[in-house]
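Colleague: Residue numbering for the sequence shown follows my numbering, beginning at 694 and increasing consecutively.
All C-beta atoms, glycine included, are put in the ideal place defined by N, C-alpha and C.
Next up is a structure, given as structure tokens.
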Amino acid sequence: MCKIKGAGNEIPIGYISSEVRNRHIETISPFFYFIYSIERDIHITIKGHKFSCKKKQGVFINKSTPFSILLNCKECNTQSSDIIAIRFTSKDIIEHNFLFDREFSRLKEMPLAISRGFFIFDFNLLDNIELTSISWIIEQCSLQCLKTVTSESESESEKIYSKVKVSFFLSYLMHMNDDISCLFHSVSLELTSEKVALLIMSDYSKSWTIEELANNLLMSPSLFKKKMYNEVGSITTFINKLKLTEALRRLRTTNESVSKIATFLGYNSVSYFSKVFKKHLDLHPTDLRLKR
């Protein structure tokens with residue numbers, strides 16, 4: 694069984710299996726991700742292109758960029774201690790920009806936008822002390838993601854300390870490749886879909902109505918539907934894909950029954966859950982469970 698450390702439950706986990714026609718599953722997330730390989734090569738697809746992330750390398754993935762960490766492929770032997778994944782919200786990026794990247798003369802000279810979906814960082818050239826330090830920061834940021842997902846309370850001083858660690862790491866990435874600051878400043882606006890995703894992930898079992906989501910975001914239902922349509926298209930499809938990403942993770946990394954997973958995700962029946970799963974992923978939940 695393979696697990697990914699950090700990033701909460703929503704990290705996209707794909708697979709490759711010759712028995713399932715070598716297909717992999719990519720998921721679009723409204724969050725930024727940093728995936729770090731600790732002890733061995735890991736295999737990732739981004740926008741349909743597969744590549745290896747070597748030991749002590751990391752990849753920063755732009756929000757709304759489809760990607761998947763591949764499991765169950767011939768080249769993979771991923772263990773739970775091999776990967777650290779960190780999720781960053783737009784709020785994390787905005788706070789970092791405001792507090793730690795206000796060199797306005799440099800910002801004026803930056804390109805208007807960066808279209809790249811990801812940046813790769815190689816930490817192998819660092820000396821032992823620096824590598825140990827940055828590895829500790831990465832671990833701390835991933836633990837912070839877990840606290841967010843589990844709603845673990847923090848004191849005000851702990852919250853400030855957490856923000857400092859996140860901002861330090863983002864600043865370090867800028868130090869390694871200043872081009873990423875263009876991405877930070879061009880796409881850090883917090884989207885409505887990101888706020889919706891956080892609400893859905895806070896309680897997968899809840900069946901949200903458009904009116905409830907709109908009220909939580911202090912919008913009228915008509916404005917909410919317009920913003921969501923412009924960002925992601927169908928609201929129902931967006932919510933289903935968020936839930937199916939969690940379903941994929943649970944099917945691949947736990948022994949929970951399909952019925953239990955369906956209930957956890959708020960589906961009233963296993964048959965309807967399987968129907969939605971088949972519609973969006975072109976296979977049945979039991980297909981994944983049988984191939985484990």
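Going along the chain, which residues of its own chain have a beta-carbon closer than 8 angstroms to the beta-carbon of Thr956, five neighbours each way excluded?
Modeller: Result list for Thr956: Ser898, in chain order.
Colleague: What would DSSP say about Leu884, mapped onto helix, strand or coil?
Modeller: DSSP places Leu884 in coil when its eight states are reduced to three.
Colleague: Just to confirm my understanding: we take Phe970, look at its own chain, exclude 5 residues before and 5 after, and list those with CB closer than 7 angstroms. What are they?
Modeller: Leu937, Ala940, His977 and Pro978.
Colleague: Closer than 8 angstroms by C-beta to Asn821: which residues in its own chain qualify, once you throw out the five before and the five after it? Chain order, please.
Modeller: Cβ neighbours of Asn821 beyond the five flanking positions: none.
Colleague: Could you check if Lys953 is buried or exposed, using at least 16 other CB atoms within 10 Å of its CB as the buried criterion?
Modeller: Exposed.
Colleague: Which residues bound the alpha helix (DSSP H) around Lys919?
Modeller: Looking at the DSSP string, the run of the alpha helix (DSSP H) that includes Lys919 is Pro914 to Val925.
Colleague: Using the Cα positions of Leu819 and His868, report the straight-line distance between them to the nearest angstrom.
Modeller: Whole-angstrom Cα-Cα distance: 13 angstroms.
Colleague: Alpha carbon to alpha carbon, what distance is there between Leu876 and Ile831?
Modeller: Looking at the two C-alpha atoms, the distance is approximately 20 angstroms.
Colleague: Output the boundary residues of the alpha helix (DSSP H) element that contains Tyr854.
Modeller: Run containing Tyr854: Glu849 to Met869, per the alpha helix (DSSP H) assignment.
Colleague: Have a look at Ile873, Leu944, Asp785 and Trp829 and flag the residue whose alpha-carbon is nearest the alpha-carbon of Tyr729.
Modeller: Looking at the Cα atoms, Trp829 is the closest of the given residues.
Colleague: Just to confirm the assignment, what range does the alpha helix (DSSP H) spanning Ser967 have?
Modeller: From DSSP, the alpha helix (DSSP H) with Ser967 extends over Val963 to Leu974.
Colleague: Let me confirm a value: Gly751 is counted as buried when at least 16 other C-beta atoms fall within 10 Å, else exposed. Which label applies?
Modeller: Buried, because 16 or more other Cβ atoms sit within 10 Å of the Cβ of Gly751.
Colleague: With Ile787 as the anchor, note down where its alpha helix (DSSP H) starts and where it stops.
Modeller: Residues Ser783 to Phe793.
Colleague: Spatial neighbours of Asp734 within its chain, please: CB distance less than 6 angstroms, with the 5 preceding and 5 following residues excluded, ordered by chain position.
Modeller: Taken in chain order, the residues that qualify are Ser745 and Lys747.
Colleague: For the alpha helix (DSSP H) that Ile932 lies in, which residues bound it at each end?
Modeller: That run of the alpha helix (DSSP H) goes Ile928 to Thr946.
Colleague: Going straight from the alpha carbon of Lys740 to that of Tyr726, what length do you get?
Modeller: Each residue's alpha carbon lies about 14 angstroms from the other.
Colleague: Give me the Cα-Cα distance between Ile731 and Asn908, rounded to the nearest whole angstrom.
Modeller: Straight-line Cα distance between these residues: approximately 42 angstroms.
Colleague: Specify, as a first and last residue, the run of the alpha helix (DSSP H) that Phe814 falls within.
Modeller: That residue, Phe814, is in no alpha helix (DSSP H); its beta strand (DSSP E) goes Phe811 to Asp815.
Colleague: Take Phe966 and list the residues in its own chain whose beta-carbon comes closer than 6 angstroms to its own, dropping the five residues that flank it on each side.
Modeller: The answer, listed in chain order, is Ala955 and Tyr960.
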